[in-house]
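Line by line, the protein sequences give chains B and X. Adding 890 to a residue's 1-based position in the first sequence gives its number in the numbering used here. Adding 7 to a residue's 1-based position in the second sequence gives its number in the numbering used here. Just so you know, even glycine gets a beta-carbon here, dropped at the ideal spot from N, CA and C. Please read the structure below before turning to the comments.
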Amino acid sequence: MTAHLAQLNIGRMLGPKEDPGMSGFYGDLDRINALADGWPGFVWRLVDAEGADATSLRPFGDDIMINLSVWESLETLRDFTFRSGHLDVLRRRREWFMPLGDIYAVNWWVPAGHRPTVAEAGERLDLLRREGPTASAFTFRDPFPAP
Amino acid sequence: MVGGDVGAVGALGEPQRRAVYEHVAAAVAPVSRNDVAEALGIGRNLAAHHLDKLADAGLLDVSFARLSGRTGPGAGRPSKLYRRAAAEHAVSLPPRGYRVLAEVFADAVEAAGVEPALYAAAREQGARQRADGETREDLLRRLGYEPVADGDVWRLRNCPFDGVARTHPAVVCGANLALLEGAFGDGVRIDPRPEGCCVVVERGTGGTKNNGSLF
């Protein structure tokens, strides 16, 4: 089986989309998503009915934004996250997102071609929060190799 | 590796060997003993001796490649090439464990969401590092960066905070940017590449003066 890496991260917004304080985030979104879509190793990301991004989906709470994607490997996702223009968004996240008070990101392996559901992603995040990093749900800091 | 971190640092005690190390560390691509011999005006065997001692000490990584681009029979033996090892060597006597403390601080900053306070502190620290008349390049070197001119900017070949930057990239790169903003005022931005520091600094001409507007 070829394994791909699925990743969920969530964030609690400081304000709604109309809030001027959020304009820096929303204004840069298309550029960052295009960067992800073209990044080596990118496979898929969840989008809403509009088809551009997932910012209108709120399965975990009205003020919680989600980001769910699949990558060919942990390394390609790590490179995009920390070694691309995306790093500057991460650096500035406190301008738009408040601390969640809990683990906010989880990685897990899926068979190539699988598209994780929001429910599945939520279960993996719960698992990581409950049991810490395991082969079924892990972090960048404590990764597990592909099966 | 021979002698651990103390051995690694000790291997640099001999001035000529240190010159060899600095030549390899500054090179953009891996270098051969011939490159080093030519650059430093020493014999090839002596260059190879120093290079292998540095590799034994864990300061250089070794690879093999055919420099000519030829392949197959008659292409000759692959050349032994040296580049600066990625591993970090730190010696403090008596022993100190700042790396662990840095990770603990970074964890706390992320958990509390106080990145803005961290960046403000880093900016102030950077401002304290300024010295009148010092060039951008010299100040970067003094802070532990390895600047390489790339068009209008200094790219920084190493990350002085590499260990904790790997476990906490967002907060460490953010603090790193703020530190350099404090030191230089302007012309500093995030521009990550696959290797090296995530920040670039405009080469400019203004040195480190006239940054009062930042505060």
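* Asked: Count the other CB atoms within 10 Å of the CB of F71/X; is the residue buried (16 or more) or exposed (fewer)?
  -> exposed
* Asked: Closest by CA to Y89/X, which one among F112/X, V98/X, S39/X and S99/X?
  -> S39/X
* Could you tell me the distance, in whole angstroms, from the CA atom of G1051/B to the CA atom of V160/X? => Residue 1051/B is absent from the model: chain B starts at 891 and stops at 1037.
* Asked: Are the segment 892-908 of chain B and the segment 983-1003 of chain B in contact at 8 Å, needing three or more beta carbon pairs?
  -> Yes, the segment 892-908 of chain B touches the segment 983-1003 of chain B.
* **CB contact flag (A109/X, V171/X, <8 Å)** => Result yes, Cβ atoms of A109/X and V171/X sit closer than 8 Å.
* For F932/B, which option in I954/B, A896/B and L947/B has the closest C-alpha, if you only look at C-alpha atoms? -> A896/B
* Asked: Roughly how many angstroms lie between the CA atoms of P176/X and P123/X, to the nearest whole one?
  -> 15 Å
* Any C-beta of chain B sitting closer than 8 Å to the C-beta of G181/X? -> yes
* Asked: Do three or more CB pairs link the segment 62-71 of chain X to the segment 141-155 of chain X at distances below 8 Å?
  -> These segments do not touch.
* Whole-angstrom distance between D198/X and E1010/B, CA atom to CA atom -> 35 Å
* Per DSSP, which one or two residues make a beta bridge with D157/X? -> V160/X
* chain B within 8 Å of P201/X, Cβ atoms only -> By this cut-off, P201/X is an interface position.
* According to DSSP, is A94/X helix, strand or coil? -> Here A94/X sits in coil by DSSP.
* Ordered along the chain, which non-local residues of its own chain (more than five positions away) have a Cβ less than 8 Å from that of Q132/X? -> L186 and G189
* R1019/B versus chain X: which residues are under 9 Å apart at the beta carbon? -> Per Cβ cutoff of 9 Å: no residues; R1019/B is ~14 Å from chain X at best.
* **Neighbouring residues, chain X, relative to L977/B (Cβ below 8 Å)** => Going along chain X in sequence order, the residues near L977/B (Cβ under 8 Å) are P176, A177, C180, I197, P199 and C205.
* If you drop the 5 nearest sequence neighbours on each side, which residues of the same chain put their C-beta closer than 6 Å to that of E202/X? -> none
* Asked: Counting along the chain, where does the beta strand (DSSP E) carrying N165/X start and finish?
  -> DSSP places N165/X in no beta strand (DSSP E); its state is neither H nor E.
* Determine the direct distance from the alpha carbon of A156/X to that of E29/X, and round the result to whole angstroms. => 17 Å
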